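Here is the structure we will look at, set down as structure tokens.
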Amino acid sequence: MARIILLGFKDNDAAEAFIRDMDRIQSLDPVSSSLMGELGVITASAGKVEALVARPTLTCKCSSTGMHQGKKTGAGFTKTAKFGWWVHAKCRRPTSYIVKNFITNMLNGHNDLLPELRESWQPKEENVDPDMATSENDQTPTQAPEETQTSQGETREVQV
Ligand SMILES: [Zn+2]
16 MARIILLGFK DNDAAEAFIR DMDRIQSLDP VSSSLMGELG VITASAGKVE ALVARPTLTC
76 KCSSTGMHQG KKTGAGFTKT AKFGWWVHAK CRRPTSYIVK NFITNMLNGH NDLLPELRES
136 WQPKEENVDP DMATSENDQT PTQAPEETQT SQGETREVQV
């Protein structure tokens, strides 16, 4: 099993700085000690541990027939007292669906902003355009960044 720590930040900028530093540190080899220090300062000064959840890693391997019968009758599954997992009563393990979708289920329908945040940190297409300009005419590269900016603006307005 594993653990999920829910870390809260009142300051949005601190939350984003935490994620940015974590991403950088975990992608660097060797690890930057200055980034490690910054991450520690951000976490200790702005972070608050809100919850600790046990995450299952092992799945029920019982025969599909047995699982089907359990679902059909509504029996065969039980909630564990210690971790609150829904598990197959016979083997005491959750289904592979529960294990694979654990984080999504924990979000309880709320949007995960992480993919959009990380995408916003990626180099933009404008960096590619100068190369395009050398091989093509001036109109194509000029139009591409405008379309990109417009679509990003529209996306943000919808989400706000
Ligand atoms: Zn089982």
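For the sequence shown, this note's numbering assigns the number 16 to the initial residue and increments by one for each residue that follows. Just so it is clear, CB atoms sit at the ideal spot from N, CA and C, and this is done for glycine as well. Treat the numbers as computed from the prediction; the structure is a model and nothing was measured.
Cβ shell of residue i (< 6 Å), same chain only, five flanking positions each side left out
| i | result |
| --- | --- |
| Arg70 | Ala17, Ile19 and Phe117 |
| Gln84 | The predicted position of Gln84 is uncertain, since its pLDDT is 49 and thus under 50; no value can be drawn from it. |
| Val114 | Pro71 and Thr74 |
| Ala61 | Phe24, Asp26 and Ala29 |
| Leu21 | Glu65 and Ala66 |
| Gln154 | Bear in mind that a pLDDT of 47 at Gln154, under 50, signals an unreliable position, so the number given afterwards is only what the model happens to contain. So the list is empty, once near-sequence residues are dropped. |
Residue i: CB within 7 Å of a non-hydrogen atom of ligand 1
| i | result |
| --- | --- |
| Lys105 | yes |
| Arg108 | yes |
Chain-order list of residues whose beta-carbon lies under 8 Å from that of residue i (same chain, five-residue window excluded)
| i | result |
| --- | --- |
| Arg39 | Ser47 and Leu50 |
| Arg35 | Trp136 |
| Val175 | With a pLDDT of 42 at Val175, under the threshold of 50, the modelled position of that residue is not reliable, and no figure is offered here. |
| Leu108 | The sequence as given places Arg at residue 108; Leu does not occur at that position. Excluding positions up to five away in sequence, the list reads Pro71, Leu73, Thr74, Cys75, Lys76 and Val102. |
| Thr80 | Note that Thr80 has pLDDT 44, beneath the 50 cutoff, so the model's placement of it is unreliable and the number below is only indicative. Excluding residues within five positions, none has a Cβ falling inside 8 Å. |
Alpha helix (DSSP H) segment containing residue i, residue limits
| i | result |
| --- | --- |
| Gly52 | Ser48 to Ala61 |
| Asp137 | According to the sequence provided, residue 137 is Gln. The question's Asp does not apply to it. Where Gln137 is concerned, there is no enclosing alpha helix (DSSP H), given that its DSSP letter is neither H nor E. |
| Ala32 | Asn27 to Ser42 |
Where the beta strand (DSSP E) containing residue i begins and where it ends
| i | result |
| --- | --- |
| Phe24 | Ala17 to Phe24 |
| Phe92 | Phe92 to Lys94 |
| Trp100 | Segment: none, Trp100 is in no beta strand (DSSP E) and carries neither H nor E. |
Which ranges does the alpha helix (DSSP H) cover as unbroken runs of at least 4 residues, wholly within the stretch 106-134, from first to last along the chain? 111-115 and 117-122
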